[in-house]
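Engineer: According to the numbering used here, the residues represented by the sequence shown are 55 to 423, in order.
The beta carbon of each residue, even a glycine, is placed where N, CA and C say it ideally should be.
The structure displayed is predicted, hence computed values, not measured ones.
Have a look at this one before I ask anything.
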Amino acid sequence: MSRIPIASPDLTGNEAAYLAECIQSGWISSKGPFVDRFEKGFAGFCGTSYAVSTSNGTAALHLALTALGISPGDEVIMPDLTFVASANAIVACGAKPVLVDIEKDTWCIDAGLIEKHITKKTKAIMVVHLYGHPADMQAVLKIAKKHKLHVIEDAAEAHGAEVRTGKGVWKKVGSIGDVGCFSFYGNKIITTGEGGMVVTSNKKLYEYMRVLRDHGQDPNKRYYHRVIGFNYRMTNMQAAIGVAQLERIDSFLAKKREIAASYKVALEGIAGVTCMKEAPWAKSAYWMFGILVDSPYILSRDKLLAHLSKNGVESRPFFYPVHMLPPYKSSGSYPVAQIIAAQGISLPSGVTLTRSDISDISTIIKTAV
Ligand SMILES: *Cc1c(COP(=O)(O)O)cnc(C)c1O
55 MSRIPIASPD LTGNEAAYLA ECIQSGWISS KGPFVDRFEK GFAGFCGTSY AVSTSNGTAA
115 LHLALTALGI SPGDEVIMPD LTFVASANAI VACGAKPVLV DIEKDTWCID AGLIEKHITK
175 KTKAIMVVHL YGHPADMQAV LKIAKKHKLH VIEDAAEAHG AEVRTGKGVW KKVGSIGDVG
235 CFSFYGNKII TTGEGGMVVT SNKKLYEYMR VLRDHGQDPN KRYYHRVIGF NYRMTNMQAA
295 IGVAQLERID SFLAKKREIA ASYKVALEGI AGVTCMKEAP WAKSAYWMFG ILVDSPYILS
355 RDKLLAHLSK NGVESRPFFY PVHMLPPYKS SGSYPVAQII AAQGISLPSG VTLTRSDISD
415 ISTIIKTAV
């Protein structure tokens, strides 16, 4: 057991009380008042008209892509650096993920490279707001409009992150594209254990996703299935935890910003260690605080991971670029993703982290030199 974990959830609000209500009332499956409350509350938080809760974040992505009509033969553009679920959800629709390199500062899709990957088969662009930092949505939306493509936001790591859009208006991620998909896995910004959500302001899409989530059943005609759907429903128990977590999301996000600011000060001036950045048009959710490790720092990235572990600090390497994973092997060139992935470390970033933890972690990194 590490002394300082990478992230652990804070469940000290109304989680236990709301869960007890589920047990006492008998509403433990996917019907019950918390599901509706969580959906309405989360849509309100994101600034969308609707939300559809799901059993997990990958199901949210698959549900959204299916509802948008993504099907065999289609191509969906996505960034090379992300958690593999983004690509898997596209493949689950029978479509092909088309990988695009990332930007060196935001670590999100490089919008300047998207157009040359567009073909007759391209149906959508899936952006990923990686490690909490939003993708350049203004640039992506412009391209999507020009080529009539759907935009899916994989916001699994970025609840509450914001982007400055036209006329200086700030918008929450998930509310900018056609659909936004979230995960509530145990280490995400808010958690329901396992869980996910799709947000949208498109009523037709919302209604269709609700049908698809519930076996394709006609909402007005029981056991009558017009389309082939799934069981992607969230339980009332998951939603009960979600409602309690959502009550405190603003304080969690404030804590994440405080953690990031403390790391930036504490790690300043260590040669070869670069902290994650925040673009002037973005408010990062700082889900995981990331650093890049390169010479002249004394240890390689992997040696620093081992050094942190030996000192009781749990940290993680960045994701492998998707093009390096066996099912997605590609000879395409993704130089930025390759470098960032090879140099990146996620440091402990949970909301339960203390100032003295950050100071200890920074000292361990500094004194390795
Ligand atoms: C966590 C995550 C997912 C998948 O969410 P699950 O709830 O684990 O299915 C998808 N995309 C990204 C970028 C993620 O970080």
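(1) With a floor of 3 residues, list each beta strand (DSSP E) that falls wholly inside the region 90-158, ordered by position along the chain.
(2) Just to check my reading of the structure: R302 and G67 have Cβ atoms closer than 8 Å, yes? What is that Cβ distance to the nearest angstrom?
(3) Compute every distance between the C-beta of P375 and the non-hydrogen atoms of ligand 2, then say whether any falls below 6 Å.
(4) Count the other CB atoms, across all protein chains shown, that sit within 10 Å of the CB of A198; report buried if there are 16 or more and exposed otherwise.
(5) Using the rule of at least 16 other Cβ atoms within 10 Å of the residue's Cβ for burial, across every protein chain shown, is N274 buried or exposed?
(6) May I ask which residues mark the beginning and end of the beta strand (DSSP E) holding D208?
(7) By Cβ distance below 8 Å, which residues in the same chain neighbour C162 in space, the five residues on each side in sequence not counted?
(8) If contact is defined by three or more beta carbon pairs under 8 Å, each pair taking one atom from either stretch, is the region 130-150 in contact with the region 258-275?
(9) In terms of DSSP beta bridges, what is Q271 paired with?
(10) Is I313 closer than 7 Å to I399 when the C-beta atoms are compared?
(11) Within its chain, find whatever has a CB closer than 8 Å to the CB of D411; leave out the 5 residues flanking it on each side and keep chain order.
(12) Buried or exposed for T408, please, with buried defined as at least 16 other CB atoms from any protein chain shown within 10 angstroms of its CB.
(13) E211: beta carbon under 6 Å from a heavy atom of ligand 1?
(14) Could you check the C-alpha separation between A396 and V205 for me, to the nearest Å?
(15) What runs of the alpha helix (DSSP H), each 4 residues or longer, lie entirely inside the region 333-375?
(16) Over the uninterrupted beta strand (DSSP E) stretch that includes T417, give me the two end residues.
(17) Got a sec: does ligand 1 put a non-hydrogen atom nearer than 6 Å to the Cβ of T112?
(18) Span of the beta strand (DSSP E) holding R218?
(19) Could you say if the region 108-123 and the region 250-257 meet the contact criterion of at least three C-beta pairs nearer than 8 Å?
(20) When you compare each of G222, V106 and A178 to P334 by their alpha carbons, which one comes out closest?
(21) Examine ligand 1 and report whether any of its heavy atoms sits within less than 6 Å of the Cβ of A373.
(22) With DSSP run on the structure shown, which of helix, strand or coil describes S83?
(23) Of all the options K258, W341 and M291, which has the alpha carbon lying nearest to the alpha carbon of S79?
(24) If I follow the unbroken alpha helix (DSSP H) through G296, where does it start and stop?
(25) Under DSSP, the alpha helix (DSSP H) around F306 begins and ends at which residues?
(26) For a quick check, are the C-beta atoms of G95 and K226 less than 7 Å apart?
(27) Does any heavy atom of ligand 1 sit closer than 6 Å to the C-beta of F284?
(28) G70: which of A294, Y340 and H213 sits nearest, CA to CA?
(29) How is M180 classed by DSSP in three states: helix, strand or coil?
(30) Taking the beta strand (DSSP E) that L401 belongs to, which residues open and close that run?
(31) According to DSSP, is I163 helix, strand or coil?
(32) Any heavy atom of ligand 1 closer than 6 Å to the Cβ of S237?
(33) Note the first and the last residue of the continuous beta strand (DSSP E) segment covering M330.
(34) Can you tell me which of the three DSSP states G186 falls into?
Structural biologist: Quick answer:
(1) 104-108, 129-133 and 150-154
(2) 5 Å
(3) In the structure shown, ligand 2 is absent; the only ligands present are ligand 1.
(4) buried
(5) exposed
(6) H204 to D208
(7) P133, I156, V181, V182, H183, L184, H187, P188, A189 and D190
(8) no
(9) H279
(10) no
(11) I58 and P402
(12) exposed
(13) yes
(14) 29 Å
(15) 355-364
(16) Unbroken run through T417 is the alpha helix (DSSP H), R409 to T421; no beta strand (DSSP E).
(17) yes
(18) E216 to R218
(19) yes
(20) G222
(21) The sequence as given places Phe at residue 373; Ala does not occur at that position. Because no heavy atom of ligand 1 lies under 6 Å away, the Cβ of F373 does not count as near it: no.
(22) coil
(23) M291
(24) N290 to L300
(25) I303 to A320
(26) no
(27) no
(28) For the record, residue 70 in the displayed sequence is Ala; it is not Gly. Minimum Cα distance to A70 is reached at A294.
(29) strand
(30) G398 to L401
(31) strand
(32) yes
(33) Segment: none, M330 is in no beta strand (DSSP E) and carries neither H nor E.
(34) helix
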